[in-house]
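Here's the structure, in structure tokens; my notes come after.
2 protein chains.
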Amino acid sequence: MSAIAASAIRQHLDRVRAQVDEALDRLLPSENEFPVSIHRAMRHSVFAGGKRLRPILCLETGRLFDGDEASLLRAACALEFIHTYSLIHDDLPALDNDDLRRGKPTCHRVFGEDIAILAGDALQSLAFQVLASPGPPVDSVKLQVIHELTQAIGTRAGMVGGQVADLEAEEGNIDAQRLDYIHASKTGALIRLAARSGALYAMAAPESLGRITTYGEKIGLAFQIADDLLDELGSTEELGKTAGKDREQHKATYPAFYGVETSRRKASELVEEACESLEPYGARAQRLCELAHYLIERTS
Amino acid sequence: MSAIAASAIRQHLDRVRAQVDEALDRLLPSENEFPVSIHRAMRHSVFAGGKRLRPILCLETGRLFDGDEASLLRAACALEFIHTYSLIHDDLPALDNDDLRRGKPTCHRVFGEDIAILAGDALQSLAFQVLASPGPPVDSVKLQVIHELTQAIGTRAGMVGGQVADLEAEEGNIDAQRLDYIHASKTGALIRLAARSGALYAMAAPESLGRITTYGEKIGLAFQIADDLLDELGSTEELGKTAGKDREQHKATYPAFYGVETSRRKASELVEEACESLEPYGARAQRLCELAHYLIERTS
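Right, here's the structure in full:
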């Protein structure tokens with residue numbers, strides 16, 4: 001990606017992030033609403049400086065097919081609430097035991113473990129509340145997205161299934177198949193769904209939905225590999241979280257298994273393949289293609 | 301309630317529980333499905349001997365209005381998955397720190413805190429998955445129940461809001477208004493929704509839905525008072541959990557605030573009022589009325 005294109009996509013993403021943040025603020029209970037501790041905890045973690053990758057994917061795929069902007073924003077926020085719930089629980093002492101997330105103290109460090117557990121729980125419920133709210137799209141689409149979301153975050157090749165497989169991998173046994181399962185489930189399924197949800201909300205034709213699904217799968221894996229590379233190569237300061245922690249915890253990572261160079265090449269290939277799948281849309285899909293490149297930018 | 305009526309309702313409830321348990325078994329991933337630890341943990345807690353109050357309420361109100369049995373059973377199971385998720389998280393060391401639940405070791409005691417946290421998370425998602433599954437009732441009803449459920453378990457006068465208010469109450473400040481909020485939110489909202497969901501699934505008329513809502517609110521509070529009384533008066537053996545723990549933890553309970561006798565009278569009054577609200581249905585509502593009496597039976 002050229003320096004000019006990189007700068008343009010960064011500016012665009014900043015604008016979209018501001019839209020998402022405004023919508024998240026509208027949908028979250030205020031900090032002064034009773035009981036205040038839980039609402040403060042939810043807001044602390046939602047506004048801790050996330051990249052908003054999942055909401056942006058939903059919005060941009062929805063825009064490609066001229067979806068209704070207001071309802072796309074709601075779906076986008078629901079995805080971010082789910083993502084934030086998973087981070088809060090993942091950071092707990094019983095799981096990854098992280099003190100820092102995006103350079104800020106994690107939820108349980110500020111509000112205690114009890115409130116952090118409940119804040120994660122409440123963000124999951126809030127996501128489904130937002131998706132089941134009145135307004136467009138048609139009911140059948142809302143139910144399909146809700147159903148697909150529950151699969152993407154569930155125990156059968158969904159987010160929680162991937163987390164459990166990852167926990168078990170720390171105990172030793174890991175092969176290429178297991179590593180693929182962990183990546184596809186733990187982060188891949190929700191990123192894939194983020195891309196699909198925008199297309200579903202915009203009533204994209206089945207053929208288009210297929211292309212978007214391929215795009216979502218490719219960048220989901222590319223993003224995970226890039227994230228593993230950053231953990232392997234980055235400094236704690238750059239990451240905003242403790243660097244090298246994956247390796248230290250014997251986490252199943254792509255570079256640990258295939259080496260740094262092979263991982264970099266794999267991530268680049270996946271991004272190229274993701275962009276190829278959108279070729280039928282020509283210049284209209286430029287944003288989604290730039291977004292794919294942007295995701296792995298810091299690691300190549 | 302006469303001895304004969306009490307025995308008849310008990311037999312009936314045993315039959316309904318068996319139906320519910322069979323449906324729960326069908327909807328849960330098997331113990332051998334990868335990753336096995338999470339599925340074992342979910343099943344451990346779902347099949348730990350629960351009373352199935354919420355599923356039974358949903359089924360019985362649905363049956364009063366001739367709802368479709370198969371879809372009522374699904375909604376009933378979703379309510380039990382939500383209830384079980386809340387118990388697993390409530391028992392965690394960071395919250396109530398309970399080793400026993402219904403006489404069995406709690407989820408985190410058997411599977412570890414990490415798996416227990418994720419099992420609760422997964423049960424919440426599974427509940428919404430079941431509610432968003434294909435089949436009757438019509439989409440608009442499914443979405444209404446999903447939306448109402450997210451409110452019943454959320455932070456604004458829902459289950460998590462009540463839990464947080466309860467946690468804060470342990471630190472001292474508690475008045476009658478706060479106690480009412482805790483009861484209505486922590487357990488009342490989900491029991492009310494359990495009663496409503498059956499009527500909604502059966503497309504009950506608005507007037508009927510109003511009566512069922514009143515019934516659900518009254519028995520929700522009666523049940524919570526009865527539960528508080530059991531904790532105050534029962535032995536650990538009878539309860540299957542550590543007796544007197546509420547008092548020890550300075551929990552906000554009805555008997556602690558109003559005394560045992562006033563609490564007993566209040567619970568009885570609520571059950572009478574619940575039954576009165578169903579008088580228009582005559583003998584057809586007998587089961588629901590008997591169920592209301594049964595709920596407070598062990599404490600009067």
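Residue numbers (the numbering used here), protein chains in the order written: chain A, 1 to 300; chain B, 301 to 600.
C-beta atoms are modelled at their ideal positions from N, C-alpha and C, and glycine is treated no differently.
Just so you know, these numbers come straight off a predicted model, no measurement behind them.
Check your understanding: Taking 8 Å as the CB-CB limit, is I525 of chain B close to chain A?
Key -> Along the second sequence, read from residue 1 onward, the residue named residue 525 of chain B stands at position 225. For I525 of chain B, the answer is no, since every Cβ of chain A falls outside 8 Å of its Cβ.
Review point. Among residues of its own chain, excluding the 5 on either side of C289 of chain A, which ones have a beta-carbon nearer than 8 Å to its beta-carbon?
Key: For the purposes of this step, residue 289 of chain A is taken as residue 289 along the first sequence, with counting starting at 1. Closer than 8 Å at Cβ, skipping near neighbours: A274, C275, L278.
Review point. Which value, in whole angstroms, describes the spacing of the CA atoms of L449 of chain B and T150 of chain A?
Key: To locate residue 449 of chain B, count along the second sequence from 1; it is residue 149. To locate residue 150 of chain A, count along the first sequence from 1; it is residue 150. Computed Cα separation, rounded: 15 Å.
Check your understanding: Who are the neighbours of D139 of chain A on chain B, taking C-beta pairs under 7 Å?
Key -> Start at 1 with the first residue of the first sequence, and residue 139 of chain A comes out as number 139. Per Cβ cutoff of 7 Å: D439, S440, L443.
Review point. A422 of chain B CB to nearest chain A CB: under 8 Å?
Key: Within the second sequence, numbered from 1, the residue matching residue 422 of chain B stands at position 122. A422 of chain B counts as touching chain A.
Review point. Where does K375 of chain A sit, in a helix, a strand or coil, going by DSSP?
Key: The displayed coordinates of chain A run from 1 to 300. Any statement about residue 375 of chain A would go beyond what the structure contains.
Review point. Is the CB of H483 of chain B under 8 Å away from at least one CB in chain A?
Key: Translated into the one-based positions of the second sequence, residue 483 of chain B becomes position 183. No, no contact with chain A.
Review point. Under a Cβ-count criterion, where at least 16 other Cβ atoms within 10 Å of its own Cβ denotes burial, should Q463 of chain B be classed as buried or exposed?
Key: Mapped onto the second sequence, residue 463 of chain B falls at position 163. Result: buried.
Review point. Of all the residues that make up the segment 161-177 of chain A, which are near chain B by a beta-carbon distance shorter than 8 Å?
Key: Residues passing the 8 Å Cβ filter: G161, Q163, V164, A165, L167, E168.
Exercise for review: Can you say whether Q429 of chain B is buried or exposed, counting buried as having 16 or more other CB atoms within 10 angstroms of its CB?
Suggested key: Indexing the second sequence from 1 puts residue 429 of chain B at position 129. Per the 10 Å Cβ criterion, buried.
Check your understanding: What number of angstroms, rounded off, separates the C-alpha of V20 of chain A from the C-alpha of C77 of chain A?
Key -> On the first sequence, position 20 is the one that residue 20 of chain A refers to. On the first sequence, position 77 is the one that residue 77 of chain A refers to. The alpha-carbon atoms of V20 of chain A and C77 of chain A are separated by roughly 7 Å.
Point to revise | R340 of chain B - containing alpha helix (DSSP H), residue span | key: In the second sequence, counting from the first residue as 1, residue 340 of chain B sits at position 40. In the DSSP annotation of this structure, the continuous segment of the alpha helix (DSSP H) that includes R340 of chain B starts and ends at 336-346.
Exercise for review: Measure the CB-CB distance between C107 of chain A and A41 of chain A and report whether it falls below 8 Å.
Suggested key: Walking along the first sequence from the start, residue 107 of chain A turns up at place 107. Walking along the first sequence from the start, residue 41 of chain A turns up at place 41. Cβ distance < 8 Å, so C107 of chain A and A41 of chain A count as in contact.
Exercise for review: Take S30 of chain A and list the residues in its own chain whose beta-carbon comes closer than 8 Å to its own, dropping the five residues that flank it on each side.
Suggested key: Sequence index remark: in the first sequence, residue 30 of chain A carries index 30 (1-based). Within the same chain, S30 of chain A has close Cβ partners H39.
Review point. Among A:I191, A:A226, A:A157, A:V138, which residue has its Cα nearest to the Cα of M203 of chain A?
Key: Start at 1 with the first residue of the first sequence, and residue 203 of chain A comes out as number 203. Of the candidates A:I191, A:A226, A:A157, A:V138, the one whose C-alpha sits nearest the C-alpha of M203 of chain A is A:V138.
Check your understanding: Does the segment 81-93 of chain A come close enough to the segment 384-391 of chain B to have 3 or more Cβ pairs within less than 8 Å?
Key -> no
Exercise for review: With a cut-off of 8 Å on the beta carbons, I'd call L553 of chain B and D528 of chain B a contact; round off their distance for me.
Suggested key: Within the second sequence, numbered from 1, the residue matching residue 553 of chain B stands at position 253. Within the second sequence, numbered from 1, the residue matching residue 528 of chain B stands at position 228. A small fix is needed here, since residue 553 of chain B is Thr in this sequence, not Leu. With a Cβ gap of about 4 Å, T553 of chain B and D528 of chain B count as contacting.
Check your understanding: Are the CB atoms of R496 of chain B and T513 of chain B nearer to each other than 8 Å?
Key -> The residue labelled residue 496 of chain B in the question sits at position 196 within the second sequence. The residue labelled residue 513 of chain B in the question sits at position 213 within the second sequence. Taking 8 Å as the cut-off, the Cβ atoms of R496 of chain B and T513 of chain B count as close.
Point to revise | Continuous alpha helix (DSSP H) stretch holding I82 of chain A: start and end | key: Mapped onto the first sequence, residue 82 of chain A falls at position 82. According to the DSSP assignment, I82 of chain A belongs to the alpha helix (DSSP H) that extends over 69-90.
Check your understanding: Taking 7 Å as the cut-off, is the CB of E572 of chain B close to at least one heavy atom of the ligand FMN?
Key -> As far as ligands go, the structure on display features none, and thus does not contain the ligand FMN.
Review point. For P35 of chain A, is the classification buried or exposed, using 16 other Cβ atoms within 10 angstroms of its Cβ as the cut-off for buried?
Key: Counted from its first residue, the first sequence places residue 35 of chain A at position 35. Buried: at least 16 other Cβ atoms inside 10 Å.
Exercise for review: Can you grab the Cα-Cα spacing for the pair L143 of chain A / L357 of chain B, in whole Å?
Suggested key: The count along the first sequence starts at 1 and reaches residue 143 of chain A at position 143. The count along the second sequence starts at 1 and reaches residue 357 of chain B at position 57. Using only the alpha carbons, I get a separation of about 25 Å.
Exercise for review: Go ahead and pull the three-state DSSP assignment for D366 of chain B.
Suggested key: Residue 366 of chain B sits at position 66 when you count from the first residue of the second sequence. Coil at D366 of chain B, not helix or strand.
Practice item. With 8 Å as the C-beta to C-beta threshold (strictly closer), list the residues of the segment 19-45 of chain A near chain B in chain order. Key: P29, E33, F34, P35, S37, I38, H39, M42
Practice item. Using a threshold of 8 Å, state whether the C-beta atoms of I117 of chain A and S37 of chain A are closer than that. Key: Looking up residue 117 of chain A in the first sequence gives position 117. Looking up residue 37 of chain A in the first sequence gives position 37. Not in contact: I117 of chain A and S37 of chain A (Cβ atoms no closer than 8 Å).
Check your understanding: Taking Cβ to Cβ, would you say F65 of chain A is nearer than 8 Å to S185 of chain A?
Key -> For this step, residue 65 of chain A is matched to residue 65 along the first sequence. For this step, residue 185 of chain A is matched to residue 185 along the first sequence. No, they are not a contact pair.
Practice item. Would you please verify whether the beta carbon of K428 of chain B is less than 8 Å from any beta carbon of chain A? Key: Reading the second sequence from its first residue, position 128 is the one you call residue 428 of chain B. Correcting the residue type first, residue 428 of chain B is Phe in the shown sequence and not Lys. It does: the Cβ of F428 of chain B has a partner Cβ on chain A nearer than 8 Å.
Check your understanding: What do you get for R315 of chain B, buried or exposed, if any count of 16 or more other CB atoms within 10 angstroms of its CB means buried?
Key -> To locate residue 315 of chain B, count along the second sequence from 1; it is residue 15. With fewer than 16 other Cβ atoms within 10 Å, it is exposed.
Exercise for review: Could you spell out where the alpha helix (DSSP H) holding Y554 of chain B opens and where it closes?
Suggested key: If you number the second sequence from 1, residue 554 of chain B lands on position 254. Here the alpha helix (DSSP H) through Y554 of chain B covers 554-558.
Review point. CB-CB under 7 Å to T54 of chain A, same chain, minus the five flanking residues each way: which ones, in chain order?
Key: On the first sequence, position 54 is the one that residue 54 of chain A refers to. Correcting the residue identity first, residue 54 of chain A is Arg in this sequence and not Thr. Exclusion of the five residues before and after R54 of chain A leaves L79, E80, H83, L190, I191, A194 as the residues of its chain whose Cβ lies within less than 7 Å of its Cβ.
Review point. Looking at the structure shown, is R492 of chain B part of a helix, part of a strand, or coil, going by DSSP?
Key: Residue numbering aside, residue 492 of chain B sits at position 192 when the second sequence is read from its first letter. Three-state result, R492 of chain B: helix.
Practice item. Please specify which runs of the beta strand (DSSP E), each continuous and at least 3 residues long, are wholly inside the segment 410-463 of chain B, giving them in chain order. Key: Complete beta strand (DSSP E) runs here, min 3: none at all.
Check your understanding: At which residues does the alpha helix (DSSP H) containing K518 of chain B begin and terminate?
Key -> As a first step, residue 518 of chain B is located in the second sequence; it is residue number 218 there, counting from the start. Looking at the DSSP string, the run of the alpha helix (DSSP H) that includes K518 of chain B is 506-533.
Practice item. Figure out for me which residue from B:A567, B:Y581, B:R584, B:R402 has the closest Cα to the Cα of A592 of chain B. Key: Translated into the one-based positions of the second sequence, residue 592 of chain B becomes position 292. Ranking the options by Cα distance to A592 of chain B, first place goes to B:A567.
**Study point:** Per-residue contacts from T187 of chain A into chain B (C-beta, under 9 Å)
**Key:** Taking the first sequence and counting its residues from 1, the one referred to as residue 187 of chain A is at position 187. For T187 of chain A, no chain B residue has a Cβ inside 9 Å of its Cβ, as the nearest lies near 15 Å away.
Point to revise | Alpha carbon of E261 of chain A to alpha carbon of R402 of chain B, nearest angstrom | key: The sequence position of residue 261 of chain A within the first sequence is 261, counting from 1. The sequence position of residue 402 of chain B within the second sequence is 102, counting from 1. About 54 Å.
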